[in-house]
Amino acid sequence: MSFDFTNQRVVVTGGANGIGLAAARLFASCGGQVCLLDLEREDPREVARSFGARGIPCDVTDLGSISEALAEAGVPDVLVANAGIGNPASLAETSKDLWDRTLAVNLSGIFHTIQKAAGLMKLRRRGAIVLTASTNSFDGEPDLTAYNASKAGLLGILHTVANELGPWGIRVNAVCPGLIRTRLTAKHFADEVLMRDYFRQIPLGRGGTAEEVANAVVFLASDMASYVTGAALLVDGGQMAAKFGPWSDEQSQFVEDHWELRR
Ligand SMILES: NC(=O)c1ccc[n+]([C@@H]2O[C@H](COP(=O)([O-])OP(=O)(O)OC[C@H]3O[C@@H](n4cnc5c(N)ncnc54)[C@H](O)[C@@H]3O)[C@@H](O)[C@H]2O)c1
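Each residue of the sequence shown is one higher than the one before, counting from 3 in my numbering.
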């Protein structure tokens, strides 16, 4: 039982940046043969080369592109279905294009990636799939109707696919990150007032890092999680456990990017 991925092929979508990249690097450092799939414009080959992995251009909204990328990567032992986008807009301002695009990447893209990969993985009767959902799978952060709908929909995929693939020895789990510092959330982390208010609600008093989510991804993919399937693991500093934030101005202070107790 270990985080040893020697001789295992690990495929990570959206692997050229953020959470996907942190996971890809961690799998590689645990001996995995990592293939990261991402849009051509993100230069997946170059990014992968920098840490001894393989990069394959792939657009998860295009079934042909997913099939070609998986044919080039080879049958995954581990699939991390992570590619995602998020653009805020109020209900009234959510255009058909934004709705369609968000669902195409975050929901249909993950569905088709899992469907194609699982078809190959079933032949081996073993493997692990981890998908990236969100705390927004569970609640309704404003101005993100399309994003939240896509992330809530992933739970339906998670539960159903875990059910179907269990007999084939394939475990399927999700990580549900809270607010994590990546380019997707750069605006949040550039705004001290927003961070102060947001992180006041979080028991650990801060945002998370891509590496902290990657740790959870690797755990769920590893044989340390051999009896875990169909689980949605929150990686959110306790945000979803907290009805009211624990940080008061009397007892605590906000320093740079986190809350801490006054001495
Ligand atoms: N950052 C957060 O706070 C946070 C919180 C919860 C969930 N998530 C989820 O984590 C995942 C990774 O997000 P991130 O924060 O690392 O953002 P990111 O923008 O740094 O990385 C996302 C990656 O997905 C790729 N991608 C986008 N569209 C694609 C497509 N059509 N085909 C292939 N690749 C595509 C991007 O090129 C990028 O490399 C997403 O699913 C996101 O919704 C992020």
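C-beta atoms are modelled at their ideal positions from N, C-alpha and C, and glycine is treated no differently.
As the structure is a computational prediction, the values presented were derived from the model and not from experiment.
Same chain only: Cβ atoms within 7 angstroms of residue i, ignoring 5 sequence neighbours per side
i           : result
residue 93  : 147
residue 263 : 253, 254
residue 91  : 100, 145
residue 86  : 16, 107, 108, 134
residue 203 : 241, 244, 247
residue 69  : 118
Rounded distance between the beta-carbons of residue j and residue i, thought under 8 angstroms
i           : j           : result
residue 129 : residue 80  : 7 angstroms
residue 205 : residue 243 : 7 angstroms
residue 14  : residue 108 : Not quite, the Cβ-Cβ distance comes to about 16 angstroms (not below 8 angstroms), so this is no contact.
residue 161 : residue 207 : The pair is not a contact, with the Cβ atoms about 32 angstroms apart (cut-off 8 angstroms).
residue 231 : residue 164 : 5 angstroms
Residue j beta carbon less than 7 angstroms from that of residue i
i           : j           : result
residue 122 : residue 177 : no
residue 156 : residue 120 : no
residue 152 : residue 104 : yes
residue 124 : residue 170 : yes
residue 183 : residue 137 : no
residue 11  : residue 78  : yes
residue 112 : residue 174 : no
residue 25  : residue 46  : no
residue 186 : residue 88  : yes
residue 27  : residue 7   : no
residue 237 : residue 220 : no
residue 115 : residue 195 : no
residue 158 : residue 239 : no
Residues near residue i in its chain [Cβ-Cβ closer than 6 angstroms; skip 5 each side]
i           : result
residue 56  : 37, 50
residue 60  : 39, 67, 71
residue 191 : 183
residue 224 : 5
residue 22  : 14, 16, 84
residue 172 : 123, 129
residue 222 : 132, 175
residue 256 : 198
DSSP bridge partner residues for residue i (one or two, in chain order)
i           : result
residue 236 : 178
residue 56  : 37
residue 133 : 83, 176
residue 260 : 208, 257
residue 146 : 91
residue 14  : 38, 82
residue 202 : Paired residues: none, contrary to the question.
residue 183 : 211
Close-in-space but distant-in-sequence residues of the same chain around residue i (CB under 8 angstroms, 5 per side omitted)
i          : result
residue 48 : 57
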